[in-house]
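Visitor: Last residue of the sequence shown? That's 1097 in our numbering, and every number before it is there in order.
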Amino acid sequence: MAAELEANVLEEVVGAAMPLSPLETLRHSTAHVMAKAVQRVFPHAKVTIGPSIETGFFYDFDIDRAFTEEDLAKIETEMAAIVKADEPFVRHEVTRAEALKRFADLGETYKVEIIEALPADAVISYYQTGDWIDLCRGPHIKSTGEIKAFKLLSVAGAYWRGNEKNKMLQRIYGTAFASKAELDEHLHRLEEAKRRDHRRIGKDLDLFSIDETIGGGLVLWHPKGARIRYVMEEFWRQEHFANGYELVGSPHVARDE
């Protein structure tokens, strides 16, 4: 995870604009809009990195509190205002000294750390939307008004650069699509996935439980769940026998040699 995050940091800021699909570009741009909105609502928050990911985007913030559901609603409202303003994304290429001064003056210590760690020949650029800037190589959409459908989904903790020795940051996950219909379809799939989550179903039907003192992911079967497991295993055995297979057994624990 640390190596993946380190790669994300470099991809965010070094060189010419990286190749992104139209959807990835839209989501990356929406991450910038979210970061700007966060700093409007919480001026003391510091920004770190905010890439697009397979299901949407995220952005990590250094802030002295955990974000709440009410906070996400406020941030979404501010994002909508930024989108309505239709602010252009303007790219600026600057020298290392200029970049360091600009972000140091803003108090963005994480951006300063990133710049200081860049290779000597790195092309350094930032993007501006209205009165807000972010260290980034791009690309971005032409303006914030092109963002048609977005949703902030959840909050999680994340260590800076994926290292548990570093400060814990607040990560906001979101997603964006080219149309509201596509966003609604995605959100419906997420709700269906939650409804079918085996952890919730197992608890609701009293099938099994998991005790962290025993171990995460180690299932304790309750009588109902154990009976279902027995029926499934018996079916599995009979199907093997019926198709000419035999059963063998092996120890759960053995010497690692």
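Backbone N, C-alpha and C fix where the C-beta goes; we use that ideal spot for every residue, glycine too.
Is the Cβ-Cβ distance between F907 and Y1013 less than 8 Å?
Guide: Their beta carbons are not under 8 Å apart, which means F907 does not touch Y1013 by this criterion.
Visitor: Is P1063 helix, strand or coil by DSSP?
Guide: Here P1063 sits in helix by DSSP.
Visitor: Less than 8 Å separating the beta-carbons of F1081 and H1062?
Guide: No, they are not a contact pair.
Visitor: In the structure shown, what three-state DSSP assignment does H932 receive?
Guide: Strand, per DSSP.
Visitor: What number of angstroms, rounded off, separates the C-alpha of A1016 from the C-alpha of R1077?
Guide: Taking the straight line joining both Cα atoms gives about 47 Å.
Visitor: Would you mind reading off the limits of the beta strand (DSSP E) that contains T908?
Guide: Note, T908: premise wrong, no beta strand (DSSP E); not H, not E.
Visitor: Considering just the uninterrupted stretch of the beta strand (DSSP E) at R1039, what are its terminal residues?
Guide: Element bounds for R1039: not the beta strand (DSSP E) but the alpha helix (DSSP H), 1038-1044.
Visitor: From R977 to S861, what distance separates their C-alpha atoms?
Guide: Taking the straight line from one Cα to the other gives about 15 Å.
Visitor: So who's on the other strand from D974, going by DSSP bridges?
Guide: BP columns for D974 point to Y967.
Visitor: How is the alpha helix (DSSP H) around I954 delimited, first residue to last?
Guide: Segment 949-956, the alpha helix (DSSP H) holding I954.
Visitor: Could you have a look at H1080 and say whether DSSP puts it in helix, strand or coil?
Guide: Note: H1080 maps to helix in three-state DSSP.
Visitor: With 16 other CB atoms within 10 Å as the buried threshold, where does H1028 fall?
Guide: Exposed, since its Cβ has fewer than 16 Cβ neighbours within 10 Å.
Visitor: T949 and K876: beta carbons closer than 8 Å?
Guide: Taking 8 Å as the Cβ cut-off, T949 and K876 do not qualify as a contacting pair.
Visitor: Tell me whether L1087 is buried or exposed, calling it buried when 16 or more other Cβ atoms sit within 10 Å of its Cβ.
Guide: Exposed, because fewer than 16 other Cβ atoms sit within 10 Å of the Cβ of L1087.
Visitor: Tell me the DSSP secondary structure of Y1013 in three-state form.
Guide: Three-state result, Y1013: strand.
Visitor: Note down the Cα distance separating E1074 from I1068, rounded to an integer number of angstroms.
Guide: Straight-line Cα distance between these residues: approximately 10 Å.
Visitor: Classify L1088 as helix, strand or coil using the three-state DSSP reduction.
Guide: For clarity, residue 1088 is Val in the given sequence; the question names Leu instead. Coil, per DSSP.
Visitor: Between which two residues does the alpha helix (DSSP H) harbouring S869 extend?
Guide: Run containing S869: 862-881, per the alpha helix (DSSP H) assignment.
Visitor: What residue range does the alpha helix (DSSP H) around L1023 cover?
Guide: Here the alpha helix (DSSP H) through L1023 covers 1020-1035.
Visitor: In angstroms with no decimal places, state the Cα-to-Cα distance between E1025 and V887.
Guide: Approximately 31 Å between the Cα atoms of the pair.
Visitor: Out of curiosity, what's the CA-to-CA distance linking V1059 and D904?
Guide: Near 36 Å, if we compare the C-alpha coordinates of D904 and V1059.
Visitor: Assuming A944 contacts I964 under a Cβ cut-off of 8 Å, what Cβ separation, rounded to an integer in Å, is found between them?
Guide: At roughly 14 Å, the Cβ-Cβ gap does not stay under 8 Å, so A944 and I964 are not in contact.
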